[in-house]
Structure formats: structure tokens, C-alpha cells
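Structure, as C-alpha cells:
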Ligand code: SF4
Ligand code: SF4
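Residue numbers (the numbering used here): -8 to 381.
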């Protein structure tokens, strides 16, 4: 297993198609895919203008469709964005993210099957049964196309997080409610990806997002397309490229907690500039970097002092109710033409921040001094390395 990467600085479907052809060859994807259905699992989130770097860029998707169609494949673009998993919501998201145009110009299909199933998962770390969208069933191949972004809860969203989009929209709320701790939440992402593993991940890292991702951060040019078959290797590689500490990404902590760790040094990188590093590094979200499993004594203190909080801007709020309808803690009410949060019920899942169409919810970081002190205490108490135990 290894990573292949190419320099690419512009969203031009013809150029991307040529580049991706090299990636498909590198990963031994069949030259002849005639008559085979290939699901392209994109990042749709809530359907945003491509310039905001929230969703997989439509030109990126178009380039990949073109490359696969030359091999004879039938491409189906699919995701379950946040909120209700309905045909009308999918239509809106496809239109606003530019994917409707991609389908019209390339002949790819857009998934409108909103059926769902439950898969048994006996070997799961946490999840023994996984509700999934039917679009992942009966496929011949699946290629995941994550956008590389920061993420308020998970540190980053890339190859491991993208598979959360196969959980039917509104059912995502229950997982946030049941697994509010970032490490457990990362554990269910590992379970989901292990159960429904794409054949390949091709990352849209031409322009990523730093800061308050995954919905309200700042676009940041990385200039890369990177691919791999292993979600952890892909995530780890992009973190290294963007100067993100592994310790600030719960998915790696979950690997340590559940599987004993991961050998980061074994990742081989081929293609353009394998040693490329972004300078300066990515700006991370203002949310807590305190992950891992703190000693019981500190847990309550850590939570109250180090947790960031969602805050609603009354000027921007249009009282649409989307945040309330997707709040895992049932903490939001709409009254007097604006949303209000009951912080005693808030579990800090940050779904409201992701889904607010008006950008009216910001995340207020914890006081620096309390975060600094808690981090010091936590690191002293929990100073294991992130390498695999022998
Ligand atoms: S905060 Fe955003 S999502 Fe919530 S009601 Fe206001 S505009 Fe709608
Ligand atoms: S208020 Fe926002 S962050 Fe808090 S539980 Fe609800 S959706 Fe999650």
C-alpha cells in the first residue's frame, strides 16, 4: 500500500482527467471497466458554491468521470449530505455544488435512491450494525473523492471521515448523540470505513480548507491530487503535507486506543515531489486539541474548561430551523425570529455550525489560559507515543 500524488494547481477537468489516469494506472485499476457501475462518493455536506472549498470541486469530479468513462465505466455520483436524506434535498445540493452541471456535461448519473439498509458488522470496534444508504450496495466499484479540510470535531476530514456520508442523513444525529467523545466518534468512522471500504481514495487537495472547517473555514491552496487505497495512510500523508500534528487528529488516537497504533513511517509516497510540505502549515480550528482518553479525574474539568462553544449571530440568523432539526443534543430552540442554544444540553458535535446556511453559527474557543493548563496536565498524564505497540 502506498500513496501516489501529482502537482495540480487548477480546476481544469481535462488536465485533471489526464492526471487521474496516471493514478488509476498506479493503483492497478482495470483499463477496461465496460459495463461496470462505479460509485463516486463525493463530499457534498450541504451543497455549497465550489469557490468556498466545502465540497469536492465539480471540475475535479468531472475530470475523474471523464477518465473512468474512457475505460467504459458507468459513473454514479453519490452522497448523503447532512439533514434529511430526501430527493428534493439531494437535488438542491447537486445544483448548488455544481454537480448537476457535471452530470449533464459528462453523462454521469446522480444518485436519487434514498433507500436505506442495515449491515451487520460483527467485527466492529464499536458498531455491530451500521445503517447505510442503498447506493453503496450492488456497486461494482467505489471511489471516494474527499476534499481535504480541517474539521471542528475530527481535526481533519479526508479519507476516513468521508465515509460517514454513507450513513443516511438524519441518522447521523443519533451517532453524534451516542458517541459525543471524539475518540469514540473516530472509532465509528473506522468501523464504517472498514465495513464499506472504497476501492480507491482520490483526494481533492488542489484547494483545501483550513481554520473553521468543514463548512466555514478559509480555502487554502495545497496544489495536490493524492490517492491511495488505505484511508489511514491517505489521512496521515495529507496531515504530514499540511503540517498537522497527528496528536490533534482523533482518528489516529482512536487507532491507538482500539488497535494499538499505526506505523506512520511505513507510508511510501510516489509521484511528484514526495517530500513536499506546505509552508506555513495549515491553521487548525479553534476547537480543543485535547483528545485521547484523559484520566477519569480530569474528564469533567477538561470538558467544561477546554470545550469550545457554538454561538449564534442574531444578525445573520434567519430562523430557518435547520440547526434545531439537526441538533444531536436537542439543545436549540427557535423563538423571536432567531435560534437559541441551551449550553447545558449541547454535546459539542458542531453539526449546527456545519449545516447553518447563513454562516450564523461560529465556534467560540475556550479561554487560552485554561486550554493551555489543561493541555499541560493532560499531556503529562497521557504521554504515550503514537507509534504501534510491539
Ligand atoms: S442559526 Fe442558522 S441554521 Fe439555525 S435557525 Fe439561524 S440561520 Fe437557520
Ligand atoms: S447546539 Fe450545535 S454543537 Fe451543540 S449539540 Fe446542538 S448541533 Fe451539536
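Backbone N, C-alpha and C define an ideal beta-carbon position, used for all residues, glycine too.
Helix, strand or coil at residue i according to DSSP, with G and I counted as helix
| i | result |
| --- | --- |
| residue 142 | strand |
| residue 237 | helix |
| residue 37 | coil |
| residue 156 | helix |
| residue 349 | coil |
| residue 27 | coil |
| residue -6 | strand |
| residue 230 | helix |
| residue 221 | coil |
| residue 215 | strand |
| residue 45 | coil |
| residue 274 | coil |
| residue 374 | Note that residue 374 has pLDDT 45, beneath the 50 cutoff, so the model's placement of it is unreliable and the number below is only indicative. Coil at residue 374, not helix or strand. |
| residue 209 | strand |
| residue 287 | Confidence is the limiting factor: at residue 287 the pLDDT is only 49, short of 50, which leaves the residue's position unreliable, though a coordinate-based value still follows. Reduced to three states, the DSSP call for residue 287 is helix. |
| residue 254 | coil |
| residue 280 | In this predicted model, residue 280 has a pLDDT of only 47, less than 50, meaning its place in the structure is not dependable; the value taken from the coordinates is given anyway. In this structure, residue 280 counts as coil in the three-state DSSP scheme. |
| residue 117 | coil |
| residue 249 | helix |
| residue 59 | helix |
| residue 0 | coil |
| residue 95 | helix |
| residue 330 | strand |
| residue 75 | coil |
| residue 20 | coil |
Limits of the alpha helix (DSSP H) - the one that residue i falls within
| i | result |
| --- | --- |
| residue 340 | Run containing residue 340: none; DSSP gives neither H nor E here. |
| residue 467 | Residue 467 cannot be examined here, being either before or after the span of the chain that is shown, -8 to 381. |
| residue 185 | 173 to 186 |
| residue 13 | 4 to 17 |
Residue i Cβ short of 6 Å to ligand 1 heavy atom set
| i | result |
| --- | --- |
| residue 44 | no |
| residue 305 | no |
| residue 308 | yes |
| residue 164 | no |
| residue 347 | yes |
| residue 94 | no |
| residue 157 | no |
| residue 330 | yes |
| residue 352 | yes |
| residue 313 | yes |
Closer than 6 Å: residue i CB and nearest ligand 4 heavy atom
| i | result |
| --- | --- |
| residue 236 | Ligand 4 is not part of this structure, which contains only ligand 1 and ligand 2. |
Residue environment, residue i, which counts as buried when at least 16 other CB atoms sit within 10 Å
| i | result |
| --- | --- |
| residue 239 | buried |
| residue 306 | exposed |
| residue 374 | Legend: pLDDT at residue 374 = 45, less than 50; position of this residue unreliable, no value from coordinates given. |
| residue 333 | exposed |
| residue 163 | buried |
| residue 72 | buried |
| residue 203 | buried |
| residue 40 | exposed |
| residue -2 | exposed |
| residue 134 | buried |
| residue 345 | buried |
| residue 19 | exposed |
| residue 79 | exposed |
| residue 98 | exposed |
| residue 103 | exposed |
| residue 224 | buried |
| residue 114 | exposed |
heavy atom of ligand 2 below 6 Å from residue i C-beta
| i | result |
| --- | --- |
| residue 189 | no |
| residue 169 | no |
| residue 301 | yes |
| residue 322 | yes |
| residue 176 | no |
| residue 339 | yes |
| residue 319 | yes |
Residue i - containing beta strand (DSSP E), residue span
| i | result |
| --- | --- |
| residue 196 | 191 to 201 |
| residue 107 | 107 to 111 |
| residue 312 | Neither: residue 312 is in no beta strand (DSSP E) and is coded neither H nor E. |
| residue 164 | Per DSSP, residue 164 belongs to no beta strand (DSSP E); it is in the alpha helix (DSSP H), 162 to 169. |
| residue 84 | Taken as a continuous stretch (DSSP letters only), residue 84 belongs to no beta strand (DSSP E), being part of the alpha helix (DSSP H) at 78 to 88. |
| residue 261 | 259 to 262 |
| residue 135 | 132 to 136 |
| residue 66 | 65 to 69 |
Inset, instruction - Check whether the stretch 19 to 36 touches the stretch 64 to 74, counting contact only when three or more Cβ pairs, one atom from each stretch, lie closer than 8 Å. - result: Yes, the stretch 19 to 36 is in contact with the stretch 64 to 74.
Legend entry - Contact between the stretch 176 to 193 and the stretch 107 to 122 (3+ Cβ pairs under 8 Å): Cβ pair count under 8 Å is three or more, so yes.
Inset, instruction - Please determine if the stretch 97 to 110 and the stretch 18 to 25 are in contact, where contact requires at least 3 C-beta pairs separated by less than 8 Å. - result: By the Cβ criterion, the stretch 97 to 110 is not in contact with the stretch 18 to 25, since fewer than three pairs of Cβ atoms, one from each stretch, lie closer than 8 Å.
Legend entry - the stretch 206 to 216 contacting the stretch 147 to 163, beta-carbon criterion three pairs below 8 Å: The stretch 206 to 216 is not in contact with the stretch 147 to 163.
Inset, instruction - May I ask you to verify whether the stretch 299 to 318 touches the stretch 337 to 351, counting CB pairs closer than 8 Å and requiring at least 3? - result: At 8 Å Cβ cutoff, the stretches touch.
Legend entry - the stretch 155 to 170 touching the stretch 246 to 256, judged by at least three CB pairs closer than 8 Å: Touching, no, given that fewer than three Cβ pairs across the two stretches are closer than 8 Å.
Legend entry - Any 3 or more C-beta pairs closer than 8 Å across the stretch 75 to 89 and the stretch 55 to 65: The stretch 75 to 89 is not in contact with the stretch 55 to 65.
Legend entry - Segment contact flag, the stretch 194 to 202 with the stretch 160 to 174, C-beta cutoff 8 Å, min 3 pairs: As far as the Cβ criterion goes, the stretch 194 to 202 does not touch the stretch 160 to 174, which means the pair count is below three.
Legend entry - At least three beta-carbon pairs within less than 8 Å, the stretch 48 to 62 to the stretch 125 to 141: Touching, yes.
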